[in-house]
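Student: What follows is a single structure, and I will ask about it in a moment.
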Amino acid sequence: MIPAAFDYVRAGSAAEAIDLIGQYGDEAKFLAGGHSLVPAMKLRLAQPTVLVDIGRVADLSYIREDGDQIAIGALTRHMDVENSPVLAEHVPLLAHAAGHVGDPQVRHRGTIGGSLAHADPASDLPATTLALGATYVAQGPNGTREIAAADFYHGYFTSALAPDEMLTEIRVPKMGGAGWSFQKFNRRAQDWAIVGVAAWQRGSECGVGLVNMASTPVLASSVASAVAGGASAADAAEAAAAEADPQADLNASVDYRVHLAKVLTRRALEASAG
Amino acid sequence: MDITVTINGKTHTADVEPRTLLVQFIREQAGLTGTNIGCDTSSCGACSVHIDGEAAKSCTLLAVQADGCSITTIEGMAGDDGSLHPMQQAFMENHGLQCGYCTPGMVMAATSLLAENPNPTEEEVRLGLEGNLCRCTGYHNIVQSVLACAKS
Numbered sequence: 004m005i006p007a008a009f010d011y012v013r014a015g016s017a018a019e020a021i022d023l024i025g026q027y028g029d030e031a032k033f034l035a036g037g038h039s040l041v042p043a044m045k046l047r048l049a050q051p052t053v054l055v056d057i058g059r060v061a062d063l064s065y066i067r068e069d070g071d072q073i074a075i076g077a078l079t080r081h082m083d084v085e086n087s088p089v090l091a092e093h094v095p096l097l098a099h100a101a102g103h104v105g106d107p108q109v110r111h112r113g114t115i116g117g118s119l120a121h122a123d124p125a126s127d128l129p130a131t132t133l134a135l136g137a138t139y140v141a142q143g144p145n146g147t148r149e150i151a152a153a154d155f156y157h158g159y160f161t162s163a164l165a166p167d168e169m170l171t172e173i174r175v176p177k178m179g180g181a182g183w184s185f186q187k188f189n190r191r192a193q194d195w196a197i198v199g200v201a202a203w204q205r206g207s208e209c210g211v212g213l214v215n216m217a218s219t220p221v222l223a224s225s226v227a228s229a230v231a232g233g234a235s236a237a238d239a240a241e242a243a244a245a246e247a248d249p250q251a252d253l254n255a256s257v258d259y260r261v262h263l264a265k266v267l268t269r270r271a272l273e274a275s276a277g
Numbered sequence: 002m003d004i005t006v007t008i009n010g011k012t013h014t015a016d017v018e019p020r021t022l023l024v025q026f027i028r029e030q031a032g033l034t035g036t037n038i039g040c041d042t043s044s045c046g047a048c049s050v051h052i053d054g055e056a057a058k059s060c061t062l063l064a065v066q067a068d069g070c071s072i073t074t075i076e077g078m079a080g081d082d083g084s085l086h087p088m089q090q091a092f093m094e095n096h097g098l099q100c101g102y103c104t105p106g107m108v109m110a111a112t113s114l115l116a117e118n119p120n121p122t123e124e125e126v127r128l129g130l131e132g133n134l135c136r137c138t139g140y141h142n143i144v145q146s147v148l149a150c151a152k153s
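These protein sequences, in sequence, are chains V and H. Position in the first sequence counted from 1, then plus 3, gives you the numbering used here. Position in the second sequence counted from 1, then plus 1, gives you the numbering used here.
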């Protein structure tokens with residue numbers, strides 16, 4: 004399968020990329036690792052007329068401490084997130100979840116920024132960064148702005164990014180020794196989650212993100228409230244789907260998804276309890 | 002667009018359409034047909050090659066993305082004298098292939114795995130090959146081959 008024809012330009016910096024995408028308009032797309040976009044283009048589900056390749060913007064690949072947060076460059080590959088000693092120490096949930104994206108070949112090429120900007124609710128990292136209370140940094144022609152992960156996802160493959168804005172950095176709070184768990188239910192190791200749960204707990208504080216339970220990743224606030232109120236893992240998990248709006252597909256009915264969300268949330272809460 | 006890609010140590014320069022997939026470039030421009038196209042949807046791993054030493058799926062990359070990169074395909078694994086790469090030898094000795102269609106991708110993924118984790122457990126081998134499918138379901142001997150290569 005071959006993508007529809009397009010023009011290809013290469014950007015050497017974020018500023019140049021934003022300038023180029025501004026010139027070409029709404030039908031242009033950024034190309035990072037390409038491991039969400041190229042498959043969609045091969046299936047002709049996406050037919051951008053111009054690709055602005057940002058894959059060589061080397062200064063957007065980094066992971067570093069910044070006060071009580073970890074700053075991750077948008078072009079950092081999944082493999083580098085997975086194997087980062089800084090993340091292993093401060094945000095182990097994110098490093099672990101990155102190791103569940105696709106397979107090693109995909110993780111060698113795909114980037115965290117690409118995955119988040121693609122805004123696929125079935126992807127692992129949107130829900131994980133949502134659970135962690137991450138902030139995304141977007142750069143546009145008029146400078147940069149910060150967008151809370153909770154405000155970023157608008158619907159299937161739709162985000163708060165303007166057409167001429169580029170995701171440049173992901174800022175994740177340090178977990179401070181919180182317990183955590185990532186539960187991914189699928190039939191083959193490399194598949195997207197049928198349902199997934201990313202959770203952390205520290206004392207009565209708790210964050211739970213759901214994968215593939217709505218048209219966006221879902222922050223399961225009712226679960227966090229129940230945990231804060233002293234509910235058991237089993238009781239809190241009963242509220243797992245309160246904020247969700249799952250759809251049926253080939254893999255699962257709505258009822259089955261709700262069932263999975265409760266079971267996986269209970270497991271995640273039990274595994275992440277101090 | 003003009004691109005230059007080094008494949009198995011040989012430089013290939015060509016004017017390609019931006020939509021040319023890397024696997025097409027390898028098979029049709031460079032004439033190296035050992036890299037197979039299987040699912041064509043980045044699931045099966047038959048098209049795996051090394052890009053600057055790391056396994057990647059060449060059906061899911063544009064050739065222009067590999068401009069300036071060094072690529073190794075299955076044809077580049079054996080020595081100049083025809084002696085098999087230790088991973089190829091291990092696959093042969095452990096009956097790690099049946100129909101052989103997935104084998105080039107398996108060998109490329111397995112060598113990339115050992116480069117990152119030279120002494121994997123059996124579970125780590127199985128996880129490390131999660132991106133490669135064998136339709137003969139010959140996974141047992143494939144895993145044994147990789148473990149044997151790691152030991153040798």
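Quick reminder that beta carbons are idealized off the backbone N, C-alpha and C, glycines included. Everything numeric in this text was worked out from a predicted model, so none of it was measured.
Only counting the same chain, and skipping five residues up and downstream in sequence, which positions put a Cβ closer than 8 angstroms to that of V/Leu263?
Tutor: Correct list, in chain order: Phe188, Ile197, Val198, Ala255.
Student: If you draw a straight line from the alpha carbon of H/Thr122 to that of V/Glu273, how long is it in whole angstroms?
Tutor: 28 angstroms
Student: Which same chain residues end up closer than 7 angstroms to V/Ala276 when comparing Cβ atoms and leaving out the 5 residues on each side of it in sequence?
Tutor: Gly182, Gln204, Ala236
Student: Would you list the one or two residues that DSSP bridges to V/Ala74?
Tutor: V/Arg67, V/Arg174
Student: Would you call the CB atoms of V/Tyr159 and V/Ser218 closer than 7 angstroms?
Tutor: yes
Student: Counting Cβ pairs closer than 8 angstroms, one from the stretch 76 to 95 of chain H and one from the stretch 8 to 27 of chain H, do we hit at least three?
Tutor: yes
Student: Would you tell me roughly how many angstroms separate the C-alpha atoms of V/Val211 and V/Asp69, rounded to the nearest one?
Tutor: The straight-line gap from Cα to Cα measures roughly 24 angstroms.
Student: Please confirm if the stretch 97 to 110 of chain V is in contact with the stretch 127 to 142 of chain V, defined as three or more CB-CB distances below 8 angstroms between the two stretches.
Tutor: yes
Student: For the candidate residues V/Thr161, V/Ala201, V/Ser228, whose alpha-carbon lies nearest to that of V/Ala122?
Tutor: Checking every option, the nearest Cα to that of V/Ala122 belongs to V/Thr161.
Student: Could you run through the stretch 19 to 31 of chain H and flag, in chain order, every residue whose CB is less than 9 angstroms away from some CB of chain V?
Tutor: For the stretch 19 to 31 of chain H, residues whose beta-carbon sits nearer than 9 angstroms to a beta-carbon of chain V comprise Pro19, Arg20, Thr21, Leu22, Gln25.
Student: If I'm right that V/Leu46 touches V/Met4 with Cβ under 8 angstroms, what's the distance once you round it to whole angstroms?
Tutor: 7 angstroms
Student: Just by C-beta distance, which residues in the stretch 62 to 73 of chain H are closer than 8 angstroms to chain V?
Tutor: Under the 8 angstroms Cβ criterion, the stretch 62 to 73 of chain H contributes Leu62, Leu63, Val65, Gln66.
Student: Is V/Phe188 close to chain H? Criterion is C-beta to C-beta, closer than 7 angstroms.
Tutor: No, its Cβ sits nowhere closer than 7 angstroms to a Cβ of chain H.
Student: Per DSSP, what are the beta-bridge partners of V/Ala151 in this structure?
Tutor: Answer is V/Thr138, bridged to V/Ala151.
Student: Sorted by chain position, which residues of the same chain lie with C-beta nearer than 7 angstroms to V/Thr79's C-beta, five sequence neighbours on each side aside?
Tutor: Ser64, Tyr65, Ile66, Thr114, Ile115
Student: Pull out every residue of the stretch 48 to 62 of chain H whose Cβ sits closer than 7 angstroms to any Cβ of chain V, in chain order.
Tutor: Ser49, Glu55, Ala56, Ala57, Lys58, Thr61, Leu62
Student: Apart from the five residues on each side of it in sequence, which residues of its chain come closer than 6 angstroms, Cβ to Cβ, to V/Thr138?
Tutor: Glu149, Ala151, Arg174
Student: Report the start-end ranges of each alpha helix (DSSP H) in the stretch 16 to 72 of chain V that is 4 residues or longer and not cut off at the edges.
Tutor: 17 to 27, 40 to 45
Student: According to the neighbour-count rule (16 or more other Cβ atoms, all chains shown, within 10 Å of its Cβ), is V/Asp62 buried or exposed?
Tutor: exposed
Student: For H/His96, tell me which candidate among H/Asp82, H/Thr138, H/Val50, H/Ser43 has the shortest Cα-Cα distance.
Tutor: H/Thr138
Student: I need the boundaries of the beta strand (DSSP E) containing V/Leu253, first residue and last residue.
Tutor: Per DSSP, V/Leu253 belongs to no beta strand (DSSP E) and is neither H nor E.
Student: Taking only beta carbons into account, state which residues of the stretch 104 to 130 of chain V come closer than 8 angstroms to chain A, listed in chain order.
Tutor: Included in the structure are the protein chains V and H, with no chain A among them.
Student: One question on the structure: do V/His93 and H/Ala57 come within less than 7 angstroms of each other, judged by their Cβ atoms?
Tutor: no
Student: Applying a beta-carbon distance threshold of less than 9 angstroms, which residues of chain V neighbour H/Glu131?
Tutor: Gly105, Asp106, Pro107, Arg191, Ala192, Gln193
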